[in-house]
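Data block below; observations after.
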Amino acid sequence: MAVNPPNLECRMYEAKYPEVDMAVMIQVKNIADMGAYVSLLEYNNIEGMILFSELSRRRIRSVSSLIKVGRQEPVMVLRVDKEKGYIDLSKRRVSEEDIQACEERYNKSKLVHSIMRHVAETMQLDLEDLYIHVGWPLYRKYGHAFEAFKVIVTDPDSVLNSLTREVREIGPDGQEVTRVVPAMTEQVKDALVRNIRRRMTPQPLKIRADIEMKCFQYDGVLHIKEAMRKAEAAGNNDCPVKIKLVAPPLYVLTTQTLDKEQGIHVLNAAIKACTEAIDLHKGKLTVKEAPRAVSERDDKLLAEHMAKLRADNEEVSGDEETEEEEDTGMGEIDLDNAGVTE
1 MAVNPPNLEC RMYEAKYPEV DMAVMIQVKN IADMGAYVSL LEYNNIEGMI LFSELSRRRI
61 RSVSSLIKVG RQEPVMVLRV DKEKGYIDLS KRRVSEEDIQ ACEERYNKSK LVHSIMRHVA
121 ETMQLDLEDL YIHVGWPLYR KYGHAFEAFK VIVTDPDSVL NSLTREVREI GPDGQEVTRV
181 VPAMTEQVKD ALVRNIRRRM TPQPLKIRAD IEMKCFQYDG VLHIKEAMRK AEAAGNNDCP
241 VKIKLVAPPL YVLTTQTLDK EQGIHVLNAA IKACTEAIDL HKGKLTVKEA PRAVSERDDK
301 LLAEHMAKLR ADNEEVSGDE ETEEEEDTGM GEIDLDNAGV TE
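Note that the sequence shown ends on residue 342 in UniProt numbering; no numbers are left out.
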């Protein structure tokens with residue numbers, strides 16, 4: 001006799017539908033006459049729609065440039081009709097802050113969901129039942145199950161032993177009684193902890209600072225390179241410092257670390273060492289953005305900015321002075337007063 005496989009489909013959160021004015025992660029499924037049909041990835045792929053009027057604040061010249069089938073991105077929830085199952089969404093109303101918060105939440109939720117689904121599949125459990133008794137209680141207690149999972153890596157009992165469920169059974173007298181038991185068996189608990197520890201290894205943070213550095217003295221390029229070496233020497237094995245030219249005179253300093261405060265301290269020390277080195281040669285260093293933790297999105301924006309600057313420089317390929325300026329990293333140089341400090 002065939003055994004039905006367990007249900008492995010379930011939304012990530014306890015609420016069946018998102019709240020109005022909430023940013024959610026979607027994937028575009030189809031583009032129709034009135035708008036785009038999308039799946040809400042955090043809500044078991046229930047369908048939503050983005051009208052073309054909600055794609056952009058500007059006049060739409062090409063729909064394909066704004067939205068493409070298969071793309072995943074955050075959008076804002078405008079209306080939710082729970083009875084009919086209609087969800088209206090907007091791309092143009094979601095802010096940069098909403099996008100960043102949504103991406104961070106979704107990445108955490110996706111990891112939690114992957115672990116939960118794998119445990120349900122390997123242990124032949126109903127995924128929704130596992131969420132009801134384990135996942136969603138952790139969301140309620142810790143704000144996000146991801147935060148609970150981080151604690152489980154080192155101290156699983158403090159988190160999981162408090163989870164219980166009620167079961168009904170027939171007592172000795174033939175009456176139905178309710179009994180409180182652990183939320184999961186020891187086998188399921190061991191499988192969950194094992195998967196969490198395998199997937200939740202600490203990820204280093206990237207810390208970044210933006211500076212401007214100029215030196216108009218003779219051999220200014222060499223002085224800037226020496227200052228860069230001083231900055232990198234301020235790093236250590238736990239927090240190695242790298243400095244990279246964006247476009248003259250803008251540079252970025254970066255480090256990766258498991259300790260945010262340590263990373264910021266090391267970059268501040270690197271900036272100080274760099275400043276002292278360039279000051280010796282009457283140069284100037286200005287901090288444009290102080291050391292701070294950055295996301296993958298910030299790295300992507302920086303890479304796009306650098307690519308645009310490279311493209312702009314290629315467009316003026318006949319200008320030898322501009323090319324030399326890019327190579328030296330000395331900023332804007334007044335050739336008639338090259339020996340004068342700024």
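Beta carbons: idealized from backbone N, C-alpha and C, even for Gly.
field: Nearest-angstrom Cβ-Cβ length linking A290 and K230, presumed shorter than 8 Å
entry: Walking along the sequence shown from the start, residue 290 turns up at place 290. Walking along the sequence shown from the start, residue 230 turns up at place 230. 19 Å between Cβ atoms; not a contact.
task: Could you pull out every residue in the same chain whose Cβ sits closer than 8 Å to the Cβ of H17, ignoring the five residues on either side in sequence?
output: Position 17 of the sequence shown, counted from the first residue, corresponds to residue 17. Checking the sequence, you will find Tyr at residue 17 rather than His. So the qualifying residues of the chain are Y43, I46, V80, K82, I87.
- prompt: Who are Q217's beta bridge partners in DSSP?
  reply: Position 217 of the sequence shown holds residue 217. Partner(s): none; Q217 has no beta bridge.
- prompt: Between R199 and N107, what straight-line distance do the alpha-carbon atoms span, to the nearest angstrom?
  reply: For this step, residue 199 is matched to residue 199 along the sequence shown. For this step, residue 107 is matched to residue 107 along the sequence shown. For R199 and N107, the distance between alpha carbons rounds to 13 Å.
- request: State the DSSP-derived secondary structure class of D21, mapped to helix, strand or coil.
  value: As a first step, residue 21 is located in the sequence shown; it is residue number 21 there, counting from the start. If DSSP states are grouped into helix, strand and coil, D21 belongs with coil.
- prompt: With Q256 and K206 assumed to form a contact (beta carbons below 8 Å), what rounded beta-carbon distance in angstroms separates them?
  reply: One-based indexing of the sequence shown puts residue 256 at position 256. One-based indexing of the sequence shown puts residue 206 at position 206. About 5 Å; that satisfies the 8 Å criterion.
message: Let's test the definition: count the other Cβ atoms within 10 Å of the Cβ of P172 and tell me whether it reaches 16, buried, or not, exposed.
response: As a working mapping, residue 172 is identified with position 172 in the sequence shown. Exposed is the call here.
message: Given this structure, state the Cα-to-Cα distance separating Y142 from A183, to the nearest angstrom.
response: Walking along the sequence shown from the start, residue 142 turns up at place 142. Walking along the sequence shown from the start, residue 183 turns up at place 183. Answer to the nearest angstrom: the Cα atoms are 17 Å apart.
Host beta strand (DSSP E) of Y251 (start-end): Here the question's residue 251 lines up with position 251 in the sequence shown. Segment 250-257, the beta strand (DSSP E) holding Y251.
message: Using CA atoms only, rank isn't needed, just tell me which of N4, E97, R59 is closest to V24.
response: Here residue 24 refers to the residue found at position 24 when the sequence shown is read from its first residue. Selected option, being the one with the closest Cα: E97.
- prompt: What three-state label does DSSP hand Y37 in the structure shown?
  reply: Position 37 of the sequence shown, counting from 1, holds the residue named residue 37. In the structure shown, Y37 sits in a strand (DSSP, three-state: E or B).
- request: Taking all protein chains shown into account, decide if T154 is buried (16 or more other Cβ within 10 angstroms of its Cβ) or exposed.
  value: Position 154 of the sequence shown, counting from 1, holds the residue named residue 154. By the 10 Å Cβ count, T154 comes out exposed.
field: Cβ-based burial, V159 [other Cβ within 10 Å; buried from 16]
entry: Indexing the sequence shown from 1 puts residue 159 at position 159. The residue is buried, with at least 16 neighbouring Cβ atoms inside 10 Å.
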